[in-house]
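Residue numbers (the working numbering), protein chains in the order written: chain W, 3 to 240; chain H, 3 to 240; chain D, 3 to 240; chain Z, 3 to 240; chain B, 3 to 240; chain V, 3 to 240.
Below you can see the structure in the form of structure tokens.
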């Protein structure tokens, strides 16, 4: 029995709002249960120094949590003067996931920055960020296409992410905050529309996990990601 | 003629949503035209070192802008490793405005932090933050009251703020971003429900202004703040 | 009765020493009562990046307090690794005040930095800094003129500043530290020689203030600034 | 054909030197091919604030690279004033891996810090760090035991780590720098002596990977980790 | 021939003003030629953590240069967010020099901080700082004595410092900025009233120096320090 | 009697290992008793901005201690976010010492950075760093020569350094940590092969020292440095 009363393989309710804010080239609010992440895509007509003159673009991400997105207030990173290790780890993950499905040559010498800001947190924020950021990135690419700046959409595939875990001995999908705090193993899986694995990060918080458990987790993740991708597609056509 | 087509004394449309997020003791989304600020109030059962043992509480504020709340992306302060002078100036202003109407003795030895995060910016963000934060602060105070932690609401009065300016020679109310960028004088006024002035900050960006113009600006501000306070009251009863 | 025994409208004694140090293009020590601020103007033959190639100059300011300029020692900002919000707020104010009377086109593509360092503090340091910095800026402009780098002095007018406040219910001029700590409302006013208002910053530390009180404060400020400008002129001819 | 001429499942030569330096309670130099990491364990008789009074200890890790451990010099993090995201990610990983096999109650209210400093880098530094740090941690635990400070060794099991990857379509074990730079997928696997998985971090740098490839990678990793654990045991008895 | 026209062994004119500012327990402006340093001593009734409960006091120093104390403006360290290596080196030197003549047991559990701020620089600022800071420290000690907080003055001896150098092959005393920039060897010597050497820091900027040259330098330094100490004594009796 | 049982003029055992790591153009492990410092030289084909276009090169140094090189663990400077004053002082000293024997014109427009990282500390680390870094610098210069990038070795002479001190009234050579902690005067001397003095830094930690003691210290230092230079030469020919 999950504390959330959900079935082991049951995703939380997903809601996606495109054009949530008006200035960004892509702006998507993704809500997965009580987790809400605002993902904006900003296009800049230049690339970082290490890529100059190489005829390709770049996609990068930044992640942040509003101080009171969490149960108890978390100190503001801007006031502390630095981003935590966790923040940096997550934004590196989001950037890698999106670059995995982007043809950077097609994008040309420009950079798209995905800002993923958590308005409310209830577990799974990094996965929601990836899933929502792909949509914002796609909107920004379509914007470039409509302006004639690129000749085709550089996104080769969808990408989405979900968390899975071992909770009281059983594999479960899409952990909320309470389940995440209590589980033995927490794994984040990022996959493409072609079911290719882009990233897998599994950590045994309590007991180590077995190869058998790992297989169960990956099966669950593949199912969940499939559902998320259906939601991404539905949002594209709304 | 204002670029926004509004009358000189016309406020933008105001929309207030209480309980916008669920973890905070007070959580208010305030929208004034295209400016949207999320104001949350977080209660902490301790006070800063300089107040310990003095039998009173503290109210403070932090302010931030999401990187793509603006027309072009602004670098994330957490990534830069420091808050700008503008950010610090604004959060000090918000804190002072709220403390001006709070009986800190009644609050007792606890601190309430108002986080004002701009989701979308179109001028007047600091004024919207003050107006919205007062509602979030009030909700947090009511929460403490309902828990029996305090015996009465420590807020002695309402507080709200509005910007006024001299635009093409005339005094106008509630400047949006385009008007603010073009105006000669920009003034932010913070007032209480009793029409007391709590804070006034006027800056001549171009030509200096006269005492007569100043009087016109204060008249306009008083009118606008009156309307905002009516909206605050309406939101309290919704 | 003021704790300083001064009349409500009485300024402290003002003393201005030009060429206080020898390296800077302008160097003015201003003493207002026990407040002493050293203001130096440094010319640099380039402008900040955001102004390059626009055919205009820039005037900016930095502010600091020596650690023991205050009654009890204040930690050194260089050792703490950052400037406080108060410091940044003050240096932004000084810069805006000086730019309000400078024709930046006439200055040409160069920057003048005003360093305002408080040697001894007894209230009103930001106002003394503005009043003294205008003189240092003028000396630097005269220096450029004498070198043939500019064709006329880019200063269009004088600028000076004074603090006023409500102390025990009455409006008073030029608060010292003890009066400032005790007053209900503290207001800093920056005006030009033409009596135009450049900046006004009023804060009710205790009770909010009324429109009537505000008028009294502005009257007092106009008088005080008039006297300061007479002192500036006298210093120019010494 | 690997660029290193090794078989797909062939580990580089491993050399372990205990007591490499003399001050630390545990000090191990681990060399895996040309990768050399100095792992020291330092015991401190207190725990971080969040654990005080809870009757348990803590194990944490810090990671660093000497500036010229790499092919071209990398800027010193102490001089830059911050640790990179990569550094923080790695030191969090090392800490989690070691805590997974430590009974923190048995350790008591003390902290052991594992400093993993890379003297020379040729790929796989984080895995070498985990494998070497386990030995240093064990030596520090034995030291505490010999001093009578703890009643039994708090380590429940061995822990070791290895990298695997997809290189030119095939799964290979223990990538050196050149192979790592060229591979499609890079995966780090941390396992216990009981073959439990503690951590798995796989990233598709180029093409996404399939479930089948993932199984091959995990098989290879299990083999490699088995060999590393035999080396750990041999070092314990030397 | 020195560029300053002074004799090889000729000190610049020295002027000492005690009680230059009024808040500090000791406040001395020392002028040596065109070098001007304001030295203040601040008493704090506590000691740094590493000395608590050991029945002794501490003397420490901080050093800063006003941005335009130099020929061309130097960036403000508070704005840069850190103190340079040179600044830290100098403030450590000043602190050591003063502690060398202070009986810290007699001082009791309190700290005196010497702030040495350079108002105008023309070479020899660290030596002027030490010479002036000794006077400020003495004034602060006399203040403690007059308040009955200590039973005798904890200063055992005078301390003063001077720079010497090899300039165009010859040893010279008290280098100004122009001479310092041109000399081969620059040496700072700190001595007590008993002619004991407290600190010697010699650096060959160009050619290395010989033992013979070193002896000449030390002879010159001893003479110069003798004169400075006579000035210190004269200032004490003024 | 020294606590180390050594004669007053007896150096600790010296061991020098060239090519200790493989990526750097020069890599030397120097061991002096229990002090072990890894010195690497890295060539970069550009110079710092202040030297661009002046037809000369630059030699600079950075210094660090591994956290557990010391008896008790020292916090990692990269984690603290800044280098201590001591670290900066030492790396500036190392850089000056090496530049004193380098013909920067012959080096050409390139920079060599010497990283001196202390693996184990037992007193005298800065002196060991200078002595070892000279060898690493020489190896890097030979490397440039062998590549035809420079026409002759820019090193004009050897440079080495040793500490001396007054310990229980007597002058002793090459202090270890225990002796250093107990001595009255600590002096570091840097000399060239021609017996020229490059740098001398003497500090009276307890009693001031006399000219006679200073002469004894310099005699001891000259002897010790002579032995170190013999070791440098021997290492060059191994």
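C-beta: ideal position from N, C-alpha, C; glycine also.
Assigned secondary structure, residue i (DSSP; H/G/I helix, E/B strand, else coil)
{"i": "residue 127 of chain B", "result": "helix"}
{"i": "residue 113 of chain D", "result": "strand"}
{"i": "residue 46 of chain B", "result": "strand"}
{"i": "residue 167 of chain W", "result": "strand"}
{"i": "residue 59 of chain W", "result": "coil"}
{"i": "residue 133 of chain B", "result": "helix"}
{"i": "residue 87 of chain V", "result": "helix"}
{"i": "residue 28 of chain D", "result": "strand"}
{"i": "residue 222 of chain V", "result": "helix"}
{"i": "residue 152 of chain Z", "result": "coil"}
{"i": "residue 145 of chain Z", "result": "helix"}
{"i": "residue 234 of chain V", "result": "helix"}
Residues sharing a beta bridge with residue i, DSSP
{"i": "residue 33 of chain D", "result": "D:17 and D:38"}
{"i": "residue 199 of chain B", "result": "B:193 and V:211"}
{"i": "residue 118 of chain W", "result": "W:41 and W:65"}
{"i": "residue 102 of chain D", "result": "In the DSSP output, where bridge partners are listed per residue, residue 102 of chain D has none listed."}
{"i": "residue 205 of chain V", "result": "B:201 and V:188"}
{"i": "residue 161 of chain W", "result": "W:194"}
{"i": "residue 175 of chain Z", "result": "Z:166"}
Residue burial classification, residue i (beta-carbon count within 10 angstroms, cutoff 16)
{"i": "residue 148 of chain B", "result": "exposed"}
{"i": "residue 89 of chain W", "result": "buried"}
{"i": "residue 189 of chain B", "result": "buried"}
{"i": "residue 74 of chain V", "result": "exposed"}
{"i": "residue 70 of chain H", "result": "buried"}
{"i": "residue 165 of chain Z", "result": "buried"}
{"i": "residue 115 of chain V", "result": "buried"}
{"i": "residue 237 of chain H", "result": "buried"}
{"i": "residue 125 of chain B", "result": "buried"}
{"i": "residue 1 of chain D", "result": "This structure cannot speak to residue 1 of chain D, because chain D is shown only from 3 to 240."}
{"i": "residue 214 of chain V", "result": "exposed"}
{"i": "residue 2 of chain H", "result": "Residue 2 of chain H is absent from the model: chain H starts at 3 and stops at 240."}
{"i": "residue 6 of chain V", "result": "buried"}
Cross-chain neighbours of residue i in chain W, by beta carbon under 8 Å
{"i": "residue 40 of chain H", "result": "68 and 121"}
{"i": "residue 24 of chain H", "result": "36 and 122"}
{"i": "residue 84 of chain Z", "result": "84"}
{"i": "residue 8 of chain H", "result": "Those within 8 Å of residue 8 of chain H in chain W number zero; the least Cβ separation is about 19 Å."}
Neighbour list for residue i in chain D, Cβ cutoff strictly below 8 Å
{"i": "residue 206 of chain H", "result": "102, 198, 199, 200 and 201"}
Proximal residues of chain D, C-beta to C-beta of residue i below 9 Å
{"i": "residue 91 of chain H", "result": "87, 90, 91 and 94"}
Contact list for residue i against chain V, beta-carbon separation under 7 Å
{"i": "residue 81 of chain Z", "result": "64 and 85"}
{"i": "residue 14 of chain Z", "result": "None at all; the shortest Cβ gap to chain V is about 14 Å."}
Chain-ordered neighbours of residue i on chain H, where CB pairs are closer than 7 Å
{"i": "residue 133 of chain D", "result": "Here the premise fails: no neighbours, minimum Cβ distance about 16 Å."}
The segment 106-130 of chain Z: which residues have C-beta closer than 9 Å to a C-beta of chain V, in chain order?
Result list: 115, 117, 119, 121, 122, 123 and 124.
Selection of the segment 44-73 of chain V by Cβ proximity to chain Z, strictly under 8 Å:
44, 46, 64, 66, 68, 69, 70, 71, 72 and 73
Short of 7 Å Cβ to Cβ, which residues in the segment 158-188 of chain H face chain W?
none
Identify each residue in the segment 210-226 of chain W for which the Cβ-Cβ distance to at least one residue of chain Z is less than 7 Å, and report them in chain order.
Cβ contacts with chain Z come from 210, 211, 212, 213, 216 and 220.
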